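Sequence positions in the sequence shown follow full-length UniProt numbering and run 1 to 96.
From the three backbone atoms N, C-alpha and C, an ideal C-beta is built for every residue, glycine too.
It should be emphasised that the depicted structure is a prediction, and the values quoted were computed from it without experimental measurement.
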Amino acid sequence: MSTQVRALIWVEGTVQGVGYRWWVTQHAERLGLVGHARNLSDGRVEIEAQGGSEAVQELIDMVTERRPRARRPGYTTGFLVEHHPPRPRAAGFHPW
1 MSTQVRALIW
11 VEGTVQGVGY
21 RWWVTQHAER
31 LGLVGHARNL
41 SDGRVEIEAQ
51 GGSEAVQELI
61 DMVTERRPRA
71 RRPGYTTGFL
81 VEHHPPRPRA
91 AGFHPW
């Protein structure tokens, strides 16, 4: 069983108004993660992902790839990833 972890990821580029949050949500749910993807007022998208360490790392890899293998909408120009302790009783993945 994989260790539970939580990551906050901020992605910048053309990531709002292109279906990016819905794409993240689809892949996060497929990986069994909980958390959210939401637009920020500065044009970035914030992603909180919690679950098994391998699944969280797979999502991080997908959203930070410069040339994505999966048909990701938009275009990323930068990102920041922070790791935090998991939240108790977290449930679901939500595109806000």
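Would you identify the three-state DSSP class for residue i, choosing helix, strand or coil?
{"i": "Val-56", "result": "helix"}
{"i": "Val-45", "result": "strand"}
{"i": "Arg-6", "result": "strand"}
{"i": "Gly-92", "result": "coil"}
Per DSSP, residue i is paired with what?
{"i": "Thr-76", "result": "Gly-13"}
{"i": "Val-63", "result": "The partner list for Val-63 (beta bridge, DSSP) is empty, contrary to what the question assumes."}
At what residues does the beta strand (DSSP E) containing residue i begin and finish?
{"i": "Ala-37", "result": "34-39"}
{"i": "Pro-86", "result": "Element bounds for Pro-86: n/a, residue is neither H nor E."}
What residue does the alpha helix (DSSP H) around residue i start on, and which one ends it?
{"i": "Arg-21", "result": "20-30"}
Under 8 Å, Cβ to Cβ, is there at least one residue of chain D near residue i?
{"i": "Ala-55", "result": "Of the protein chains in this structure there is only one, and it is not chain D."}
Given a threshold of 16 other Cβ atoms within 10 Å of its Cβ, counted over all protein chains shown, does residue i qualify as buried or as exposed?
{"i": "Tyr-20", "result": "buried"}
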